[in-house]
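K.L.:
In the numbering used here, the protein residues as written are 2 to 119. In this text, a Cβ means the ideal position worked out from N, Cα and C, and glycines have one as well. I have a structure I would like to understand better, so I am pasting it below and will then ask my questions one at a time.
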């Protein structure tokens, strides 16, 4: 990855298009699971989403392998795709972007209130 790709994000676009092409070859129930996995994983992304690329690649590899084995989605994930994504992204203690923004907002409000009262 060169500097220009890093700045423009073209490397991410290329990677996600490749993921979507791979997912398009999956059976319908696996494509639906892929869609839910990507939706759930984006909450654990950083500002650029670069940290999700290897995680998404692994999840898609799992889907491809289990589809090839003929397993159903319920056999692979049960009924807890959000729990799978949480574990894949780093566990229950992993902060999402909402948690980081909430903490930043609380710090800013506390700082402003201390300036007004002091």
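(1) Near residue 74, which residues of its chain fall below 7 angstroms by C-beta distance, leaving aside the five closest residues on each side in sequence?
(2) Quick check on residue 87: buried or exposed, where buried means 16 or more other Cβ atoms within 10 Å of its Cβ?
(3) Judging by CA-CA distance, which residue of 51, 20, 48 is the nearest neighbour of residue 64?
(4) From which residue to which residue does the alpha helix (DSSP H) around residue 36 run?
(5) Please state whether DSSP places residue 85 in a helix, a strand or coil.
(6) Cβ atoms of residue 89 and residue 59: under 9 angstroms apart, would you say?
(7) Along the chain, where does the alpha helix (DSSP H) that runs through residue 12 open and close?
(8) Pairing CB atoms from the region 99-116 with CB atoms from the region 77-86, are three or more of them under 8 angstroms?
(9) Cutting at 7 angstroms between CB atoms, please list the residues of its own chain near residue 39, excluding the five before and the five after it.
(10) What do you get for residue 45, buried or exposed, if any count of 16 or more other CB atoms within 10 angstroms of its CB means buried?
(11) Just curious, the alpha helix (DSSP H) that residue 70 is in, first and last residue?
P.N.:
The structure says:
(1) Annotation for residue 74: 30, 31, 34 place their beta carbon closer than 7 angstroms to its own, counting only its chain and skipping 5 residues before and after.
(2) Classification for residue 87: buried.
(3) Out of 51, 20, 48, 20 has the C-alpha closest to the C-alpha of residue 64.
(4) That run of the alpha helix (DSSP H) goes 29-42.
(5) The DSSP-derived three-state label of residue 85 is helix.
(6) Against a cut-off of 9 angstroms, the Cβ pair of residue 89 and residue 59 comes out as a contact.
(7) Start and end: 11-25.
(8) No, because fewer than three Cβ pairs between the region 99-116 and the region 77-86 fall closer than 8 angstroms, the two stretches do not touch.
(9) Excluding residues within five positions, the ones whose Cβ falls inside 7 angstroms are 57.
(10) Classification for residue 45: buried.
(11) 53-70 is the extent of the alpha helix (DSSP H) around residue 70.
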